[in-house]
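Asker:
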Amino acid sequence: MKFIAFLLAALVAGPAAAADADLQRQCGECHAFEKPADATLDRLWTRKGPDLWYAGAKFNRAWLVKWLQKPTAIRAGGVMWFKHAKPGEPRDTIDPAGIAPHPSVDAAAADKLADALMTLTGGGIVDAAAFKPEGANLSMGKLAFGKLRGCTACHQEKPGTGGVSAPELYDAGERLQPGYVLAYTKNPQAFDPHIWMPRLELTDVDLQRITAYVASLKAGE
Amino acid sequence: MNGFMIAVGALAGFLLLGQGASAADAKIDHASRLYDTYCAQCHGVSRNGKGVNTVGLSVQPRDHSDTAAMASLPRDQMVRAIREGGAAVNKSALMPSWASVLTDAEIEQMADYLLYVCKCGKP
Numbered sequence: 001m002k003f004i005a006f007l008l009a010a011l012v013a014g015p016a017a018a019a020d021a022d023l024q025r026q027c028g029e030c031h032a033f034e035k036p037a038d039a040t041l042d043r044l045w046t047r048k049g050p051d052l053w054y055a056g057a058k059f060n061r062a063w064l065v066k067w068l069q070k071p072t073a074i075r076a077g078g079v080m081w082f083k084h085a086k087p088g089e090p091r092d093t094i095d096p097a098g099i100a101p102h103p104s105v106d107a108a109a110a111d112k113l114a115d116a117l118m119t120l121t122g123g124g125i126v127d128a129a130a131f132k133p134e135g136a137n138l139s140m141g142k143l144a145f146g147k148l149r150g151c152t153a154c155h156q157e158k159p160g161t162g163g164v165s166a167p168e169l170y171d172a173g174e175r176l177q178p179g180y181v182l183a184y185t186k187n188p189q190a191f192d193p194h195i196w197m198p199r200l201e202l203t204d205v206d207l208q209r210i211t212a213y214v215a216s217l218k219a220g221e
Numbered sequence: 222m223n224g225f226m227i228a229v230g231a232l233a234g235f236l237l238l239g240q241g242a243s244a245a246d247a248k249i250d251h252a253s254r255l256y257d258t259y260c261a262q263c264h265g266v267s268r269n270g271k272g273v274n275t276v277g278l279s280v281q282p283r284d285h286s287d288t289a290a291m292a293s294l295p296r297d298q299m300v301r302a303i304r305e306g307g308a309a310v311n312k313s314a315l316m317p318s319w320a321s322v323l324t325d326a327e328i329e330q331m332a333d334y335l336l337y338v339c340k341c342g343k344p
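Chains A and B are the protein sequences, given in the same order. First residue of the first sequence: 1, per the working numbering; consecutive thereafter. First residue of the second sequence: 222, per the working numbering; consecutive thereafter.
Spelled out as structure tokens, the structure:
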């Protein structure tokens, strides 16, 4: 009986393990699939891509499959914005010449990589149930995101408007799981102790509103 | 012999001063790195308030290279703004609290660094 259970477990784990090997081979040069033991400021400056050890709690699978086949720039300033910033008037600008485009894969590979990424749940760092969509108030969320809490200083809620040092959020509703948006906004340093998004002292009401608004953003709207 | 002692004393003094200078330089270098990571996105790579994120800001960030304006800013107010955010010193809430990423020692170093950047003539 124990042997049958073991065999079943091996059969279930088999394809996932193979996918993980593909993920490591194709994406491991730039992305971390395990929580880094050396999460230093220097590491933040030298890493080539965002960490993916919590990708399964962060992304929507359908978005991953689509994006991996036809990647678009999510970070206008690159992985580490300062490396591409140049001084100027009336303000500093990002030089896109040094920002390498993300490689694309075919549909079959995208499907497999998405499966592998969705297994990386970050050890429970995201509580998916923390977001309560029933209380969502999008107009208050938009106000909090813009004027009241200043999220637009670094994030774009519409293409071409807002800051460039952080990921764009104008298609966040397609890309991100609401529970991740809430968890990251609540405490960015839980994901990386040195990341340049500050932890704002937000009330739960504010967190819910901002998350609902970000989760409502879709490309082209 | 006296000449030799003076020479040894001078050398020791020179080395000690050198060590002090290099420790101060290391603090400045670290603060500069922190500034590049967290502050320059709004306050600019040239520390002049013209960062890449200023395009949509309703209030423009402080120009840390402005010697006259920075000289009138008490150091403890700088520390408080960095630790608690702009609203804590009656300035814009767009300046967030950085206490979640900077240690108390790093915030103090940052205040020293700002005084170094603005050439305000304070320590």
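Where is the CB? At the ideal position from N, CA and C, for every residue including glycine.
1) From T119 (chain A) to G179 (chain A), what does the alpha carbon distance come to, in whole angstroms?
2) Rounded to whole angstroms, how far is the Cβ of Y170 (chain A) from the Cβ of K158 (chain A), which I believe are closer than 8 Å?
3) Does Q262 (chain B) get closer than 8 Å to chain A when you measure Cβ to Cβ?
4) Against T185 (chain A), what residues of chain B qualify as contacts under a CB-to-CB distance less than 9 Å, listed in chain order?
5) Starting from T263 (chain A), follow its DSSP beta bridges and name the residues at the other end.
6) If you count every other CB in all the chains shown that lies within 10 Å of the CB of E201 (chain A), and 16 or more means buried, which is it?
7) Across which residues does DSSP place K94 (chain A) in a beta bridge pair?
8) If I follow the unbroken alpha helix (DSSP H) through K70 (chain A), where does it start and stop?
9) Cβ of R199 (chain A) less than 8 Å from any chain B Cβ?
10) Which residues in chain A sit within 8 Å of L315 (chain B), going by Cβ to Cβ distance?
11) Which residues in chain B sit within 9 Å of W63 (chain A), going by Cβ to Cβ distance?
12) In three-state DSSP terms, what is L176 (chain A)?
13) Please classify G163 (chain A) as buried or exposed, where buried requires at least 16 neighbouring CB atoms within 10 angstroms.
14) Measuring straight from C-alpha to C-alpha, what distance separates V12 (chain A) and E34 (chain A)?
15) Using a Cβ-Cβ cut-off of 7 Å (strictly less than) and excluding sequence neighbours within five positions of E174 (chain A), which residues of its own chain qualify?
16) Looking only at DSSP bridge pairs, what is F59 (chain A) linked to?
17) Return the Cβ separation of L117 (chain A) and L176 (chain A) in integer angstroms, given the expectation that the two are a contact with Cβ distance under 8 Å.
18) I'd like to know if T275 (chain B) contacts chain A, where contact means its C-beta is closer than 8 Å to some C-beta of that chain.
19) Using a Cβ-Cβ cutoff of less than 7 Å, which residues in the same chain neighbour H102 (chain A) once the five nearest sequence positions on both sides are dropped?
20) Compute the Euclidean distance between the alpha carbons of G88 (chain A) and P36 (chain A), then round it to the nearest angstrom.
21) Quick check on A183 (chain A): buried or exposed, where buried means 16 or more other Cβ atoms within 10 Å of its Cβ?
22) Which residue marks the beginning of the alpha helix (DSSP H) containing A255 (chain A), and which one marks its end?
Answerer: According to the structure shown:
1) Cα-Cα distance, rounded: 16 Å.
2) With 8 Å as the limit, Y170 (chain A) and K158 (chain A) qualify as a contact, their Cβ atoms being about 6 Å apart.
3) For Q262 (chain B), the nearest CB of chain A lies under 8 Å from its own CB, placing it at the interface with that chain.
4) The premise fails here: T185 (chain A) is roughly 12 Å from chain B at the closest Cβ pair, so nothing lies under 9 Å.
5) Nothing can be reported for residue 263 (chain A), as the shown portion of chain A is limited to 1 through 221.
6) Exposed: under 16 other Cβ atoms inside 10 Å.
7) The residue asked about is misnamed: residue 94 (chain A) is Ile in this sequence, not Lys. Looking at the DSSP assignment, I94 (chain A) forms a beta bridge with A:A85.
8) No alpha helix (DSSP H) contains K70 (chain A), which DSSP labels as neither H nor E.
9) True, the Cβ-Cβ gap to chain B drops below 8 Å.
10) Within chain A, the residues placing a beta-carbon under 8 Å from that of L315 (chain B) are G150, A153, ordered along the chain.
11) Neighbourhood of W63 (chain A) in chain B, by CB distance below 9 Å: empty, with the nearest CB roughly 26 Å away.
12) DSSP places L176 (chain A) in strand when its eight states are reduced to three.
13) Buried, by the Cβ-count rule.
14) Annotation note: pLDDT 48 at V12 (chain A) (below 50); position unreliable, coordinate value reported separately. Each residue's Cα considered, the two are about 21 Å apart.
15) Within the same chain, E174 (chain A) has close Cβ partners N60, W63, K218, A219.
16) A:L176.
17) Wrong, their Cβ atoms sit about 13 Å apart, outside the cutoff.
18) It does; some Cβ of chain A falls within 8 Å.
19) Counting only Cβ-Cβ distances below 7 Å, and skipping sequence neighbours, we find P71.
20) Distance between the alpha carbons of G88 (chain A) and P36 (chain A): 36 Å.
21) Buried, since its Cβ has 16 or more Cβ neighbours within 10 Å.
22) Outside the shown range of chain A, which is 1 to 221, sits residue 255 (chain A), and nothing can be said about it.
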